[in-house]
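Its first residue numbered 2, the sequence shown is counted upward by one per residue in this note's numbering.
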Amino acid sequence: MDTALSMSLQANSAPLVESCKATLFKVADHWLALPATTVLKVIPSSDLGGSERGNLTVWDNHPLVRLDLHQLLTRNATNSSSGVEQRLKLRQYTMIVWSQTGERCGILVDELPVLQELSLAEAQVLPPHYRQTIRNIAKYLVIQPYQGAVLNVLLLDLQQALNKASLS
């Protein structure tokens with residue numbers, strides 16, 4: 002998890018800060034969030050160079066790890082070459098973000114992300130069984146009002162997601 006969020010959230014304790022600016026984004030019918038400070042840019046996925054196979058591409062003349070969270074959030078995602086290519090075509094946007102280690106990575110998202118104040122005081126620890134179903138890429142959930150609806154927003158642990166994706 003990003004250091005700003007990890008310092009603010011500790012298991013079974015109240016957050017140190019009430020809220021933070023977060024980028025909310027949707028992948029495979031799940032809403033996720035990262036601190037706004039970690040997001041460099043959102044670009045159309047078609048603007049990325051390199052091969053559509055695998056998870057390495059090029060952006061701004063630098064190698065970029067492409068992170069498809071869809072395969073971590075759904076049990077029946079296919080990892081065949083044709084399945085990966087098909088999913089990449091469906092992901093319209095790529096969020097370029099900084100990882101905790103200072104590397105750039107591109108998260109494939111279903112629609113344009115939104116910037117919103119996220120109430121960390123409302124963060125709840127996810128049950129262990131649910132964390133296992135999403136491969137432990139989030140430990141916390143925030144119930145967030147948005148455009149007249151209520152969203153269940155998972156606070157993405159980016160480093161964990163990168164580790165899990167590299168093992169898939």
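Beta carbons: idealized from backbone N, C-alpha and C, even for Gly.
Short Cβ contact (8 Å threshold) for residue i with residue j
{"i": "V28", "j": "V110", "result": "yes"}
{"i": "H31", "j": "L68", "result": "no"}
{"i": "V98", "j": "I108", "result": "yes"}
{"i": "A162", "j": "L70", "result": "yes"}
Buried versus exposed call for residue i [16 or more other C-beta atoms within 10 Å across all chains shown]
{"i": "N62", "result": "exposed"}
{"i": "G103", "result": "exposed"}
{"i": "D158", "result": "buried"}
Sequence-distant residues of the same chain with beta carbon closer than 7 Å to residue i, five excluded per side
{"i": "P45", "result": "Q93 and Y94"}
{"i": "T4", "result": "Low confidence applies here, because T4 scores a pLDDT of 41, under 50, leaving its location unreliable; read the following figure in that light. Q101."}
{"i": "Y141", "result": "L10, A124, Q125, V126, L127 and L156"}
{"i": "V35", "result": "The sequence as given places Leu at residue 35; Val does not occur at that position. Counting only Cβ-Cβ distances below 7 Å, and skipping sequence neighbours, we find D3, A23, T24, V98, L157 and L159."}
Own chain partners of residue i with C-beta closer than 8 Å, once the 5 adjacent residues on each side are dropped
{"i": "I144", "result": "E123, Q125, V151, L152, N153 and V154"}
{"i": "S20", "result": "E118, L119, S120, L121 and A122"}
{"i": "P146", "result": "L152"}
{"i": "A37", "result": "C21, K22, A23, T24 and L116"}
{"i": "P64", "result": "L57 and T58"}
{"i": "N164", "result": "none"}
Sequence-distant residues of its chain with Cβ nearer than 6 Å to residue i (five each side left out)
{"i": "E112", "result": "K27"}
Inter-stretch contact at 8 Å, needing at least 3 Cβ pairs: the region 124-135 / the region 38-48: no
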